[in-house]
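Participant:
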Amino acid sequence: MLLQNAPHSFHIPVMGLGYTIDTPLKVAKYGISSVLSIMEDGLIEQMRLVHSRKFDLPYKVIRDTEQDYRARRITAYLNMLHTIVNLQIGNMKAGSFEDGGDLSRYFELLPAFHPDKVSYTQMLSADGEEKMRLQSLLRESIVPGSIDVNIMTKLDKTNYDQEGIALPPEFADAMSALRAFALSELNGAMVFSAGLNPRLFAYMEQFEDFFPDENGFLKKRIVLKVSDYRSALIQGKYLAKKGLWVSEFRIESGLNCGGHAFATEGILLGPILEEFKSNRESLNEQLWDSCQNALVGKGKFQFPKEMKVKVTVQGGIGNANENQFLMNHYALDGTGWGSPFLLVPEATNVDEETLQKLIHAKKSDYYLSDASPLGVPFNNLRTTSSEIQRKERIDKNRPGSPCYKKFLSLNTEFTEIPICSASRQYQHLKLKQLSAELGSGESYAKAAEKVMEKDCLCEGLGAPALLVNQVNPARNLRAVTICPGPNLAYYSAVFSLKEMVDHIYGKASVMVDAARPHMFVKELELYVSYLKTEMEKFLPEKPKKHEAYLDRFRNNLLSGIVYYQTLISSIRPDAEDMLNRMKLEILGFQNEIEKLSAVDA
């Protein structure tokens with residue numbers, strides 16, 4: 041028994057801690073898969089209370105003084121999502137096609153080419169027994185969207201008991217979240233992002249749901265979010281040798297995405313997709329052979345030979361033409377649409393104030409910041425209440441944030457137990473150190489600015505889910521951080537779920553900015569800007585290691601441009617003038633890159 045195919049060819053990726061935390065309750069009943077973060081157990085517990093009340097389900101609080109509370113909270117929440125979606129599907133199947141409710145909406149949202157959409161259209165014009173027969177078949181065909189979860193592998197800090205003694209590894213943040221998912225009732229996917237975590241990946245071997253049953257069925261699937269083919273191959277082989285099958289490689293643009301941005305060394309999305317396309321059969325065969333050998337060695341059930349790894353892409357897709365080109369040209373299994381769904385209240389949690397800021401934001405308001413305590417570039421919006429709050433704290437000579445949740449407490453520069461670089465404690469200590477070393481001149485001002493740019497993501501990325509549900513955040517920390525990709529700059533209104541889904545499938549268009557560049561061109565623009573920033577970082581010292589890195593980066597960009605110049609005749613943009621503009625834009629960036637020299641800069 042292989043996995044049922046999802047009704048839709050797109051999914052909604054994880055966004056922040058709270059933006060998609062209950063998205064499955066809003067879209068799974070329509071066959072749309074989505075991903076939620078399971079890192080913030082306090083927020084998860086609050087949302088479990090919210091939805092237990094909303095759906096009249098029993099609720100018993102799990103306090104942070106209880107044994108293994110973090111994993112138990114997450115498991116309880118995931119089980120609740122599973123229960124509610126099953127109830128929704130049951131109610132939908134029992135509904136009527138005539139009342140224009142969820143049952144009809146399920147099929148109306150499907151793409152025109154889907155077999156169930158064809159049957160639905162036939163049913164609408166049928167009569168008598170034939171109509172009843174088709175309605176019965178349609179009810180049986182309903183498949184809910186998958187409820188998938190995300191763990192950022194870097195977020196695996198050690199936790200401590202009340203006496204300050206380190207707890208065993210299985211109680212670390214990512215480890216306990218993995219255990220929570222593994223022990224839940226969900227038949228879904230664990231989406232790992234941010235690279236390989238050996239301890240975390242090895243921990244999966246302890247849970248039977250990650251291995252096939254006697255029918256070759258996986259109750260818990262593994263999805264790896266990757267930035268290039270090499271990363272996919274390394275991580276896939278690592279897991280396969282443990283008998284763990286990667287069901288999907290989810291390729292994400294290095295810079296044209298939301299949230300944390302993991303830039304490649306100038307390797308562009310098009311060439312990355314081409315490499316996957318060229319090596320896909322080999323990749324599948326290597327992983328299948330290795331995985332089967334490991335399963336035999338462990339005495340476990342095996343997969344059928346026809347088991348295939350899926351490949352999808354996300355990051356910066358803006359319209360149906362781009363979506364369909366990616367699917368067809370690179371033979372992909374699906375696409376991810378993230379940031380545009382921040383403008384769909386039916387699907388995500390965005391408070392009204394932030395929603396209005398997104399609608400009225402200028403392109404220059406979207407930027408790649410150093411706000412994340414992880415030290416990874418972070419897509420940000422200049423006008424958020426969190427950014428305003430950060431600056432106000434600096435003006436009051438109180439830089440930094442109070443640190444209550446501590447999920448990003450990874451710095452041991454001044455303390456034995458790690459603290460967060462966005463915290464008031466760390467910034468006070470670091471600024472004091474810089475003042476002693478540099479005095480109060482321009483050098484200090486620049487260094488201090490970098491320190492104070494770090495912001496609290498734990499509170500800011502979770503607050504919207506509470507605000508939308510009329511829950512006041514603890515300690516009244518209502519400031520919101522939002523992390524949309526640059527692509528959102530080309531949308532400027534609130535949309536219904538149907539409008540956005542129709543936009544993805546080409547039934548309608550919700551974009552009004554005709555000047556929007558093609559997604560490949562936009563990513564190229566972002567990488568050229570990133571290269572310039574990297575070149576400026578080490579002036580005038582120009583260490584040789586950095587020069588070599590910049591040379592690779594520059595050459596990879598030029599190689600990508602040559603690929604696009606060959607590919608461009610295959611791309612079918614909205615209009616001929618768009619095609620001509622693409623050619624000119626790509627040529628312009630080529631000239632710009634060729635003028636840049638890592639040595640002479």
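Numbering (the numbering used here), first residue to last: 41 to 641.
Every residue gets a Cβ at the ideal spot worked out from N, C-alpha and C, and that includes glycine.
1) Can the beta-carbon of Leu174 be found closer than 8 Å to that of Gln162?
2) If the criterion is Cβ atoms closer than 8 Å, does the pair Ala503 and Arg515 meet it?
3) For Leu42, count neighbouring C-beta atoms within 10 Å of its own C-beta (all shown protein chains included) and say buried if the count is 16 or more, exposed if not.
4) For Lys486, which of Cys496, Asp495 and Ser475 has the nearest alpha-carbon?
5) Counting along the chain, where does the alpha helix (DSSP H) carrying Ile274 start and finish?
6) By the 10 Å Cβ neighbour count, where 16 or more other Cβ atoms means buried, how is Lys470 classified, buried or exposed?
7) Since Gly82 and Leu501 should fall inside the 8 Å C-beta cutoff, what is the C-beta to C-beta distance between them, to a whole number of angstroms?
8) Hey, how far is the Cα of Thr394 from the Cα of Ala533?
9) Do Asp373 and Lys350 have their C-beta atoms within less than 8 Å of each other?
10) Apart from the five residues just before and just after Ala638, which ones in its own chain have a Cβ nearer than 7 Å to its Cβ?
11) Just reading off the beta strand (DSSP E) that Asp188 is part of, what are its end residues?
12) By alpha-carbon positions, which one of Thr452, Phe153, Thr423 and Pro98 ends up nearest to Tyr406?
13) Mapping DSSP to helix, strand and coil, what is Phe289?
14) Does the beta-carbon distance from Ile182 to Ile129 come in below 8 Å?
15) Please state if the CB of Ile191 and the CB of Phe232 are separated by a distance shorter than 8 Å.
16) Whole angstroms are fine: how far does the CA of Leu327 sit from the CA of Val286?
17) Is the beta carbon of His122 closer than 8 Å to that of Glu248?
18) Is the separation between the beta-carbon of Pro151 and that of Gly600 shorter than 8 Å?
19) Just verifying my parser: in three-state terms, what is the DSSP assignment at Asn420?
20) Identify the continuous beta strand (DSSP E) that holds Phe50 and give its terminal residues.
21) When you compare only the Cα positions, how much space is there between Lys133 and Phe535?
22) Work out the CA separation of Tyr570 and Ala641 for me, nearest whole Å.
23) Using the DSSP secondary-structure output, state which residues sit across from Gln354 in a beta bridge.
24) Please return the same chain residues whose Cβ sits closer than 7 Å to the Cβ of Met540, not counting the five positions on each side in sequence.
25) Given this structure, state the Cα-to-Cα distance separating Asn427 from Glu321, to the nearest angstrom.
26) Taking all protein chains shown into account, decide if Lys48 is buried (16 or more other Cβ within 10 angstroms of its Cβ) or exposed.
27) In the structure shown, what three-state DSSP assignment does Leu43 receive?
28) Looking only at its own chain, which residues have a Cβ that is under 8 Å from the Cβ of Asn296, when we skip the five neighbours before and after it?
29) Whole-angstrom Cβ separation of Gln467 and Pro513, contact assumed at under 8 Å?
30) Nearest by alpha-carbon distance to Arg621: which of Glu634, Lys635, Gln605 and Ile633 is it?
31) Relative to the C-alpha of Cys331, which residue among Ser318, Lys345 and Asn319 is closest?
32) Are the CB atoms of Asp167 and Leu195 nearer to each other than 8 Å?
33) For Ile459, which of helix, strand or coil comes out of DSSP?
34) My understanding is that Ala301 touches Leu408, with C-beta atoms under 8 Å, so please give their C-beta distance in whole angstroms.
35) Hey, would you say Met87 sits closer than 8 Å to Asp62, going by beta carbons?
36) Out of Lys94, Gln107, Thr573 and Ala242, state which residue places its alpha-carbon closest to the alpha-carbon of Leu648.
Facilitator: The relevant details are as follows:
1) Here the question's residue 174 lines up with position 134 in the sequence shown. Here the question's residue 162 lines up with position 122 in the sequence shown. Yes; because the gap between Cβ atoms is below 8 Å, this pair is in contact.
2) Along the sequence shown, read from residue 1 onward, the residue named residue 503 stands at position 463. Along the sequence shown, read from residue 1 onward, the residue named residue 515 stands at position 475. No; because the gap between Cβ atoms is not below 8 Å, this pair is not in contact.
3) The residue labelled residue 42 in the question sits at position 2 within the sequence shown. Annotation note: pLDDT 37 at Leu42 (below 50); position unreliable, no value reported.
4) Counting from one through the sequence shown, the residue named residue 486 turns up at place 446. Checking every option, the nearest Cα to that of Lys486 belongs to Ser475.
5) Your numbering for residue 274 matches position 234 in the sequence shown. Element bounds for Ile274: Tyr269 to Ala280.
6) As a working mapping, residue 470 is identified with position 430 in the sequence shown. The residue in question, Lys470, is buried, as its Cβ has 16 or more Cβ neighbours within 10 Å.
7) As a working note, residue 82 is residue 42 in the sequence shown. As a working note, residue 501 is residue 461 in the sequence shown. About 13 Å separates the two Cβ atoms, so there is no contact after all.
8) Translated into the one-based positions of the sequence shown, residue 394 becomes position 354. Translated into the one-based positions of the sequence shown, residue 533 becomes position 493. Taking the straight line joining both Cα atoms gives about 13 Å.
9) Numbered from 1 along the sequence shown, position 333 holds the residue referred to as residue 373. Numbered from 1 along the sequence shown, position 310 holds the residue referred to as residue 350. It is a contact, given that the beta carbons lie within the stated cut-off.
10) Counting from 1 along the sequence shown, the entry for residue 638 is found at position 598. Confidence in Ala638 is poor, its pLDDT being 44 and thus under 50, which makes the residue's placement unreliable; the coordinate value appears in the next sentence. Correct list, in chain order: Met575, Glu587, Leu590, Asp591 and Arg594.
11) Position 148 of the sequence shown holds residue 188. Segment Ile187 to Met192, the beta strand (DSSP E) holding Asp188.
12) Here the question's residue 406 lines up with position 366 in the sequence shown. That would be Thr423, whose Cα lies nearest to the Cα of Tyr406.
13) Along the sequence shown, one-based indexing puts residue 289 at 249. Strand, per DSSP.
14) In the sequence shown, residue 182 corresponds to position 142, counting from 1. In the sequence shown, residue 129 corresponds to position 89, counting from 1. Yes. Within cutoff.
15) The sequence position of residue 232 within the sequence shown is 192, counting from 1. The sequence position of residue 191 within the sequence shown is 151, counting from 1. Taking 8 Å as the Cβ cut-off, Phe232 and Ile191 qualify as a contacting pair.
16) Reading the sequence shown from its first residue, position 246 is the one you call residue 286. Reading the sequence shown from its first residue, position 287 is the one you call residue 327. When rounded, the distance between both Cα atoms is 8 Å.
17) Walking along the sequence shown from the start, residue 248 turns up at place 208. Walking along the sequence shown from the start, residue 122 turns up at place 82. Not closer than 8 Å, so no.
18) For this step, residue 151 is matched to residue 111 along the sequence shown. For this step, residue 600 is matched to residue 560 along the sequence shown. Cβ atoms of Pro151 and Gly600: not closer than 8 Å.
19) If you number the sequence shown from 1, residue 420 lands on position 380. In the structure shown, Asn420 sits in a strand (DSSP, three-state: E or B).
20) Residue 50 sits at position 10 when you count from the first residue of the sequence shown. First-last of the beta strand (DSSP E) with Phe50: Phe50 to Ile52.
21) Here the question's residue 133 lines up with position 93 in the sequence shown. Here the question's residue 535 lines up with position 495 in the sequence shown. Rounded to whole angstroms, Lys133 to Phe535 spans 27 Å at the Cα level.
22) Along the sequence shown, one-based indexing puts residue 641 at 601. Along the sequence shown, one-based indexing puts residue 570 at 530. Legend: pLDDT at Ala641 = 45, less than 50; position of this residue unreliable, no value from coordinates given.
23) Sequence index remark: in the sequence shown, residue 354 carries index 314 (1-based). Per DSSP, Glu292 and Gly376.
24) As a first step, residue 540 is located in the sequence shown; it is residue number 500 there, counting from the start. The residues are Pro380, Phe381, Val384 and Val550.
25) By one-based count along the sequence shown, residue 427 stands at place 387. By one-based count along the sequence shown, residue 321 stands at place 281. Before going further, note that residue 427 is Glu rather than Asn in the sequence given. Using only the alpha carbons, I get a separation of about 47 Å.
26) Counting from 1 along the sequence shown, the entry for residue 48 is found at position 8. It is worth fixing the name first, because residue 48 is His in this sequence and not Lys. Classification for His48: buried.
27) Here residue 43 corresponds to residue number 3 of the sequence shown, with the count starting at 1. Here Leu43 scores only 41 on pLDDT, less than 50, and its place in the model is too uncertain to base an answer on.
28) By one-based count along the sequence shown, residue 296 stands at place 256. So the qualifying residues of the chain are Leu309, Gly355, Gly356, Gly525, Pro526, Asn527, Met559, Lys562, Glu563 and Leu566.
29) By one-based count along the sequence shown, residue 467 stands at place 427. By one-based count along the sequence shown, residue 513 stands at place 473. No, Gln467 and Pro513 are not in contact; Cβ-Cβ is about 22 Å, not under 8 Å.
30) Counted from its first residue, the sequence shown places residue 621 at position 581. When only C-alpha atoms are compared, the closest one is Gln605.
31) On the sequence shown, position 291 is the one that residue 331 refers to. Checked all of Ser318, Lys345 and Asn319; the closest Cα to Cys331 is Lys345.
32) The residue given as residue 167 occupies position 127 in the sequence shown. The residue given as residue 195 occupies position 155 in the sequence shown. No, the pair does not count as a contact, with Cβ atoms beyond the cut-off.
33) Translated into positions along the sequence shown, residue 459 becomes position 419. Ile459: strand per DSSP, three-state reduction.
34) In the sequence shown, residue 301 corresponds to position 261, counting from 1. In the sequence shown, residue 408 corresponds to position 368, counting from 1. Right, their Cβ atoms sit about 6 Å apart.
35) Start at 1 with the first residue of the sequence shown, and residue 87 comes out as number 47. Start at 1 with the first residue of the sequence shown, and residue 62 comes out as number 22. Yes. Within cutoff.
36) What is shown of the chain runs 41 to 641, which leaves residue 648 out entirely.
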